[in-house]
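Read through the structure below, which is laid out as structure tokens, and then see the notes.
Residue numbers (the working numbering): 1331 to 1627.
This is the structure in structure tokens:
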């Protein structure tokens, strides 16, 4: 059994900030596809907020990470809405979506994404998930095999065989339970390279550490128990990645579960690569999306 530092796994597999105290109002389920924000109930009734813009195929569905929200994709929203239908989603417990879910299993977030996609009647979609959004994208793809062209992980899905040291697991949860904000601040700052923009670091840190421990800590526990190998094997679409080098991506291991797994490493960035170097990231993302389109033909 290979042990991997929990400080690497948990820090680089999750990330971000604030959800409202009350769920947003739920829109009429028959609302047509129009540009702008909207809400739709998830299968369990929790209100899920989304924003849609642009037109064109494939539709790109952006899924944020742990304690993040739609705003973490701001550098991609305007860029890609010029050529594609773009959807950003606040999964339950995040951003403008409701917080009244009983338990926080990752598979339920896949249902959040499916609810939005089916409400908008989107076909030929590419699911793009940052950090925790990577597993959520896999769950959504499993639920929508006939709509999904592929999954793109953004600093996520690094190693399906990674194992956690039980003592480190216990220590990380103890630290969060004793001092959520202090522990969060320490971990968040470690997600960036030294050359990162201090204003960006401050913005991400304030968003992440403003979140409720009652949601974030149970989500961490769910992630520890998540079977990435099983999830990769369960999807019947190509899986791609654009990852940072801070935590190594073990593509060979992942291909034993999902043979159509491939991607690129973006140098000089930390966990929030789509915000740290948006121009370079957007070009790589466009290339990966175009590759999925060619594969689907």
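Beta carbons: idealized from backbone N, C-alpha and C, even for Gly.
The Cβ atoms of residue 1376 and residue 1428 lie closer than 8 Å to each other. Burial check for residue 1625: the Cβ neighbour count within 10 Å stays below 16, so the residue is exposed. For the stretch 1380-1464, the continuous beta strand (DSSP E) assignments of 3+ residues that do not extend past its boundaries occur at 1389-1393, 1416-1420, 1455-1460, in sequence order. Annotation for residue 1591: the continuous beta strand (DSSP E) segment containing it runs 1591-1595. Closest in alpha carbon position to residue 1506, among 1545, 1571, 1449, is 1545. For residue 1601, the closest alpha carbon among the candidates 1367, 1534, 1379 is that of 1534.
The criterion of a C-beta distance shorter than 8 Å is not satisfied by residue 1442 and residue 1455.
For residue 1367, the enclosing beta strand (DSSP E) covers residues 1366-1371. Here residue 1453 is actually not in contact with residue 1472; their C-beta atoms are around 17 Å apart, not less than 8 Å.
Comparing alpha carbon positions, the residue from 1487, 1468, 1489 closest to residue 1479 is 1468. Runs of beta strand (DSSP E) with 3 or more residues, each lying fully within the stretch 1471-1513, are found at 1478-1484, listed in chain order. In the structure shown, the three-state DSSP call for residue 1584 is helix.
Bounds of the beta strand (DSSP E) holding residue 1570 are 1569-1573. The beta carbons of residue 1403 and residue 1549 sit about 19 Å from each other, so the pair does not count as a contact at 8 Å. Between residue 1488 and residue 1579, the gap from beta carbon to beta carbon is short of 8 Å. Going by DSSP, residue 1535 is part of the alpha helix (DSSP H) stretching over 1528-1538.
Note: residue 1545 is not bridge-paired with any residue in the DSSP secondary-structure output.
Annotated three-state conformation of residue 1377 is strand, per DSSP. Proximity to residue 1486 across 1577, 1520, 1554 peaks at 1577, based on C-alpha coordinates. Taking the CA atoms as reference points, residue 1553 sits about 7 Å from residue 1436. In this structure, the beta-carbon distance from residue 1562 to residue 1584 falls below 8 Å. Listed in chain order, the non-local C-beta contacts of residue 1444 below 7 Å within the same chain comprise 1470, 1473, 1474, local neighbours out to five positions each way being set aside. Cβ neighbours of residue 1434 within its own chain (closer than 6 Å, five residues either side excluded): 1548, 1549, 1552.
DSSP places residue 1576 outside both helix and strand once states are collapsed to three, so it counts as coil.
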